[in-house]
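For the sequence shown, position 218 (counting from the first letter as 1) is numbered 217 according to numbering that gives the first Met the number 0, and the numbering increases by one without interruption. Idealized CB from N, CA, C, for every residue including glycine. Heads up, the thing below is written out as structure tokens.
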Amino acid sequence: MSSRQDIDVRPIRDDEIPAWIRALNTGFLRAPGVSEAETADRRTYIVPERTLGAFDGERCVATFRSFAQEITAVGGAAVRADAITNVTVTSTHRRRGILTRMMAQELAAARERGDVVATLIAAEYPIYGRYGFGAATTAAEWTIDVPRTGLDPRLAGPDDGGRIDLVDGDEVRKTGPELHERLRRMQPGAVDRSERWWQTATGVLVPDRVAWTEPFHAVYRNARGEVEGLLTYTVDERWGDAKQPLETAKVKDMIAVSPAAERALWRYVCSIDWVTSVRTGWRAPDDLLPQLLPDPRAAGITSQADWLWVRILDVVAALEARTYGATGVLVLEVADGNGPAGGRYRLDASPEGVSCTPTAQNAELTLSISELSELWLGGESAVRLAALGRVREERAGAAQVADALLRTSRRPWCPDIF
Numbered sequence: 000m001s002s003r004q005d006i007d008v009r010p011i012r013d014d015e016i017p018a019w020i021r022a023l024n025t026g027f028l029r030a031p032g033v034s035e036a037e038t039a040d041r042r043t044y045i046v047p048e049r050t051l052g053a054f055d056g057e058r059c060v061a062t063f064r065s066f067a068q069e070i071t072a073v074g075g076a077a078v079r080a081d082a083i084t085n086v087t088v089t090s091t092h093r094r095r096g097i098l099t100r101m102m103a104q105e106l107a108a109a110r111e112r113g114d115v116v117a118t119l120i121a122a123e124y125p126i127y128g129r130y131g132f133g134a135a136t137t138a139a140e141w142t143i144d145v146p147r148t149g150l151d152p153r154l155a156g157p158d159d160g161g162r163i164d165l166v167d168g169d170e171v172r173k174t175g176p177e178l179h180e181r182l183r184r185m186q187p188g189a190v191d192r193s194e195r196w197w198q199t200a201t202g203v204l205v206p207d208r209v210a211w212t213e214p215f216h217a218v219y220r221n222a223r224g225e226v227e228g229l230l231t232y233t234v235d236e237r238w239g240d241a242k243q244p245l246e247t248a249k250v251k252d253m254i255a256v257s258p259a260a261e262r263a264l265w266r267y268v269c270s271i272d273w274v275t276s277v278r279t280g281w282r283a284p285d286d287l288l289p290q291l292l293p294d295p296r297a298a299g300i301t302s303q304a305d306w307l308w309v310r311i312l313d314v315v316a317a318l319e320a321r322t323y324g325a326t327g328v329l330v331l332e333v334a335d336g337n338g339p340a341g342g343r344y345r346l347d348a349s350p351e352g353v354s355c356t357p358t359a360q361n362a363e364l365t366l367s368i369s370e371l372s373e374l375w376l377g378g379e380s381a382v383r384l385a386a387l388g389r390v391r392e393e394r395a396g397a398a399q400v401a402d403a404l405l406r407t408s409r410r411p412w413c414p415d416i417f
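Rendered as structure tokens:
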């Protein structure tokens, strides 16, 4: 068995991309073979210097990739993020510190680049907390029993003077990016989408191993003719024994920049002939959906879990990037092991502005960088974390002050997986 010192962790070369893909497929329990099409596709978007491999001799046994991203902070500011993805360690090489080495290299490089936070979507919960990440957003999926909703199918159209139009992929590529940017500017936790994202979502690009089914796209226009919503969905083909339609519409994506658009699109998808069930896709945990229905019990939660994980790299930049709905001062003691974000910081915040500076004042709230990362987008409660023993008050009431400053009226949400 090779030792830890025998494992070479480094950025991959272009000619090593096929070996890296094989290790990636193996780690995700996909058929490990690598096609020329898959290799060619990967070459169009991976950046070798941001793509790490761990090599045991000539064999790649672990993978790790990052790319530049922007995430929306509370208040709408776009914050530089280091998005981490494609993380695997082959089962024959676990427990040798390979991921720790790859993560340390990447986070150091991200801090050097000036990234304020790192982000990822965790396949397994227990892994990333030890690297300073915190579960900053959650997501929920509902299944709607359409006949129970109480919606009148005769009133399926918008009731505000707007309209729903079915469009094709060409139209989505024209209107979708700008619409998503509008959503992103108002939604804490949302991340940017590349041109490749839109090409993949509309079938211009179909990656190898992906079975493509062309979806339906519905656009909501308000009474002035302005696009405020986009719904993408597929429908299965299922009929009951008595020749009764039992089809399910599966929402792949929904962008709504106004409550009117959200109401109209949910009403539309619940009114499609033959559709008796709707799977909503991953939505914000406080989505309007259940209460938009005459009978909210018609929408049952199918799944709810952590979603976007955040790791603050620069505490000052992160806390000064967001806005605050209350006025207060809080001194934070942030533990970050050997990471870049540890220290004591004084946060002076108000609706008019914010200042965060290193300080020697006595700490009022002690927490790890993981907990601060969970609190940053406003979805978690410092009082709750204190009750769980994950945050310690050095001054009575400090957790309540943190909640008054950091929590938001609506939950943060990331519509995307990467």
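Item: In DSSP terms, what G352 is bridged to; Value: S349
Item: Contact belief for W141 with A260 at Cβ below 8 Å, rounded distance in angstroms; Value: No, W141 and A260 are not in contact; Cβ-Cβ is about 18 Å, not under 8 Å.
Item: Neighbour-count burial assignment, P244, 16 or more Cβ in a 10 Å radius; Value: exposed
Item: CA-to-CA distance, V400 to L287, given in whole angstroms; Value: 28 Å
Item: 8 Å contact criterion, which E69 and V190 should meet: CB distance rounded; Value: 7 Å
Item: For V218, three-class secondary structure by DSSP; Value: strand
Item: Three CB pairs or more closer than 8 Å across the region 383 to 394 and the region 359 to 373; Value: yes
Item: Contacting residues, own chain, Cβ-Cβ under 8 Å from P350 (five flanking each side not counted); Value: T322, Y323, G324, A325, T326
Item: Alpha carbon of T247 to alpha carbon of R237, nearest angstrom; Value: 8 Å
Item: Coarse secondary structure for T247, derived from DSSP in three states; Value: strand
Item: C-alpha distance - D415 paired with E332, whole-angstrom precision; Value: 32 Å
Item: Which of helix, strand or coil DSSP assigns to R223; Value: coil
Item: Where Q303 sits in the DSSP three-state scheme; Value: strand
Item: Helix, strand or coil at G128 [DSSP, three-state]; Value: helix
Item: Rounded C-alpha distance that separates T91 from P411; Value: 38 Å
Item: Own chain, CB closer than 7 Å to E213, minus 5 neighbours either side, in chain order; Value: G202
Item: Exposed unless 16 or more other CB atoms sit within 10 angstroms - verdict on M185; Value: exposed
Item: Beta strand (DSSP E) segment containing Q68, residue limits; Value: 58 to 71
Item: Host beta strand (DSSP E) of I20 (start-end); Value: Looking at the DSSP string, I20 is not in any beta strand (DSSP E); the run it does join, the alpha helix (DSSP H), is 16 to 26.
Item: Opposing strand residues paired with L331 [DSSP bridges]; Value: Y344, L364
Item: Distance between D7 and D285 (C-alpha atoms, nearest Å); Value: 45 Å
Item: Classification of G96 by the beta-carbon crowding that lies within 10 angstroms, buried from 16 upward; Value: exposed
Item: Close beta carbons around V171, own chain, < 6 Å, minus the five adjacent residues each side; Value: T201, H216
Item: Where the beta strand (DSSP E) through A53 begins and ends; Value: 50 to 55
Item: For D420, three-class secondary structure by DSSP; Value: Lying before the first or after the last residue shown, residue 420 is absent from the chain, which here runs from 0 to 417.
Item: Which of helix, strand or coil DSSP assigns to A121; Value: coil
Item: Cβ-heavy atom distance, L230 to the ligand PLP, below 7 Å; Value: Absent from the structure shown: the ligand PLP. Ligands present: none.
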